[in-house]
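Asker: Residue numbers (the working numbering): 49 to 681. We treat Cβ as the ideally placed atom computed from N, Cα and C, and that holds for glycine. Predicted model, so just to flag it, every value in this text is computed and none were measured. Provided herewith is a single structure, encoded as structure tokens, for subsequent inquiry.
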Ligand code: 7RM
């Protein structure tokens, strides 16, 4: 291991990997030792995937913000932690040093306390990409409140569902937001949500747009006004290593999204470890992750990982295509970004805008490129490599999930080799396996199977909020003794993994997960709909698009009106990101005699693989398949 603590060569990777398998406890204890603990752990690991129960660094006490902030102050207090790039390129950039960030977090934490928020309370955060979002997240962690960030594009209904599920006592939000050419209200959405959320006693509002928003007396306060009453001293609460740090809701194949719960100690250790090794972050470099803090990528590789590592990073408020499709590249040049981390969908969309948006920019500061969220096709990989990385930047294709807390499979930038469309090798401490459908481990290479993990790593989810049985059912019951990812994968002759995609009823739209059932129930709220079935289909930009088959309630005289109403319903229930791309009206759905929808057939039609529908004779009404094929959009 090099002195920087980074794995520096292929042989060091192999050595670290072997040690991590032979003696996981010694391996992770050595990594955990790099951090500031208020009290050292007495046991490294206890686990049982049957219950499931996983505990890391048992008996240890820490506060993650002390590790993100306080411990950098003495030597690196003046280092820039956050470079905030506003939506408008002409608006002033805000640079926040570690010392300033520490102070802002402490003050915000004192505002939370002033508003009655205590250790263990849940706090929902619904904010655009402004510095207060990161400050608010860390302020919660400072006092031991459990944050639940809800992506600012979700509807009032989604926000309310998540607040109610977690019984949050407070909401942190802003007045409004800027996104590209649009300005949108945020507080209005919160107000609407809060009419259904009696658990919320306080709402703390940051100023962003300066719009006048209604403030409910006794509940709503302005952050800037509250800050006048607090000082900059806020001792970090001692958290048990296994105390929950945050909840993040994520969609699965059934029902309402689950609140994935992450721990304090294990999550901290793995977020930093994976950041340091995958991106090979070097002192003084600038890191830019384009993900919103509303998703897990923004948690682990913006709010926490880079700060734990003492890095300097860019936080971008806007969208990749505003004011033009060269915005990312102009930010890279403007802030001399060295490491750039984005989603394949963004790469494909910028690729479609053409090289005219790339060529005006030098991009010479770039050293490492990363992708996350969905499989990257080879064409996009090569475009990224050649036109953004100029052929000289390693690409890390990082596979992981909300539930895994951090990157599990990825090459290490410039250290282990890369192969287009392969996430490649497991990080040290990660033991992936491929299973057959009946649960047998496939030991050979050049195979395909269900991707499971057979040993815990520090940032594995601990439970799903309020429903441990659901956690067991979803992740630990299909293949007892394993954590089941829901993904299918291939393994090549050299042991590299290639993630194929979900094998369950989850659609990955632009790297965002939605359950088919979740979208169907939103569609079914339209008065035009009797029943619906949703499947994913390959989409050039988004990776997967949403294809909805709908049985209409009444005769449709104007299909456009019905379509609009269905879309409005999805926007209201989930948010604009889950809008169906295609809506086909049908008179019936292909069902088995027991009434189960044969999604396989619907998927094949949506994929335009009409020749390989398989046996349809067992269907209740085989004729409906012909109609569906003919009406394909
Ligand atoms: C980080 C994140 C998780 C799902 C996962 C996969 C897919 C993520 C990759 C990928 C192929 C990748 N969390 N996925 N990364 N597929 N290559 N590098 O995305 O919880 O929102 O989604 O995303 O299907 O199960 S997530």
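#1: Is residue 547 near the ligand 7RM - that is, is its Cβ less than 6 Å away from at least one heavy atom of it?
#2: Got a sec, what are the start and stop residues for the beta strand (DSSP E) residue 233 sits in?
#3: By alpha-carbon positions, which one of 204, 377, 460, 519 ends up nearest to residue 388?
#4: I'd like the list of long-range same chain contacts for residue 157, defined as Cβ closer than 7 Å, with 5 residues on each side in sequence excluded.
#5: For a quick check, are the C-beta atoms of residue 87 and residue 109 less than 7 Å apart?
#6: Consult DSSP for residue 377 and reduce its assignment to one of helix, strand or coil.
#7: Taking the alpha-carbon positions, what's the residue 227 to residue 380 distance?
#8: Note down, in chain order, each residue of its chain lying with its Cβ closer than 8 Å to the Cβ of residue 75, except the 5 sequence neighbours on either side.
#9: Compare the Cα-Cα distances from residue 679 to each of 551, 398, 656, 426 and report the closest residue.
#10: Quick check on residue 205: buried or exposed, where buried means 16 or more other Cβ atoms within 10 Å of its Cβ?
#11: Based on the DSSP secondary-structure assignment, which residues constitute the bridge partners of residue 87?
#12: My guess is that residue 183 and residue 341 are in contact by the Cβ rule of under 8 Å, so how many angstroms apart are they, rounded?
#13: Could you check how far apart the C-beta atoms of residue 428 and residue 447 are, in whole angstroms? I think they sit under 8 Å.
#14: Shortest alpha-carbon distance to residue 634 belongs to which of 578, 585, 619?
#15: For the 8 Å Cβ check, are there 3 or more pairs between the region 618–638 and the region 568–583?
#16: Please report the straight-line C-alpha distance between residue 169 and residue 315, rounded to a whole angstrom.
#17: When we look at the beta-carbon of residue 312 and count the other beta-carbons within 10 Å, is it buried (16 or more) or exposed?
#18: Beta strand (DSSP E) containing residue 500: first to last residue?
#19: From residue 619 to residue 449, what does the alpha carbon distance come to, in whole angstroms?
#20: Would residue 365 and residue 177 qualify as a contact pair, given that the criterion is a beta-carbon distance under 7 Å?
#21: With DSSP run on the structure shown, which of helix, strand or coil describes residue 442?
#22: Just to confirm my understanding: we take residue 518, look at its own chain, exclude 5 residues before and 5 after, and list those with CB closer than 8 Å. What are they?
#23: Name all residues in chain order for which at least one heavy atom of the ligand 7RM lies closer than 7 Å to the residue's CB.
#24: Please state the DSSP three-state secondary structure of residue 432.
#25: Please identify the residue among 415, 336, 167, 280 whose C-alpha is closest to the C-alpha of residue 293.
#26: Given residue 660, which residues of its chain have a CB within under 8 Å of its CB, disregarding the five upstream and five downstream residues?
#27: Just curious, the alpha helix (DSSP H) that residue 225 is in, first and last residue?
#28: Just reading off the beta strand (DSSP E) that residue 385 is part of, what are its end residues?
#29: Can you give me the start and stop residues for the beta strand (DSSP E) that residue 517 sits inside?
#30: At the level of alpha carbons, what is the spacing between residue 648 and residue 668?
#31: Let's see if you can read the secondary structure: which residues bound the beta strand (DSSP E) around residue 632?
#32: Quick test of the definition: if touching needs 3 or more C-beta pairs under 8 Å, does the region 258–268 touch the region 216–225?
#33: Tell me which same chain residues have a C-beta within less than 6 Å of the C-beta of residue 530, skipping the five on either side of it?
#34: Helix, strand or coil: how does DSSP classify residue 562 here?
#35: Between the Cα of residue 468 and the Cα atoms of 439, 436, 455, 430, which residue gives the shortest distance?
#36: DSSP on residue 194, reduced to helix/strand/coil?
Answerer: So, to answer that:
#1: yes
#2: 230–233
#3: 377
#4: 187, 190, 191, 282
#5: yes
#6: helix
#7: 19 Å
#8: 64, 67, 68, 476, 477
#9: 656
#10: buried
#11: 109
#12: With 8 Å as the limit, residue 183 and residue 341 do not qualify as a contact, their Cβ atoms being about 11 Å apart.
#13: Incorrect: roughly 16 Å between the Cβ atoms, too far for contact.
#14: 578
#15: yes
#16: 19 Å
#17: buried
#18: 495–501
#19: 25 Å
#20: yes
#21: coil
#22: 306, 512
#23: 298, 343, 344, 345, 419, 420, 421, 422, 423, 424, 445, 446, 447, 448, 449, 450, 451, 471, 533, 534, 535, 547, 549, 550, 556, 559, 560, 561
#24: helix
#25: 167
#26: 652
#27: No alpha helix (DSSP H) holds residue 225; the beta strand (DSSP E) holding it covers 224–227.
#28: Premise fails: residue 385 is in no beta strand (DSSP E) and is neither H nor E.
#29: Taken as a continuous stretch (DSSP letters only), residue 517 belongs to no beta strand (DSSP E), being part of the alpha helix (DSSP H) at 516–519.
#30: 15 Å
#31: 630–634
#32: yes
#33: 500, 502
#34: strand
#35: 430
#36: strand
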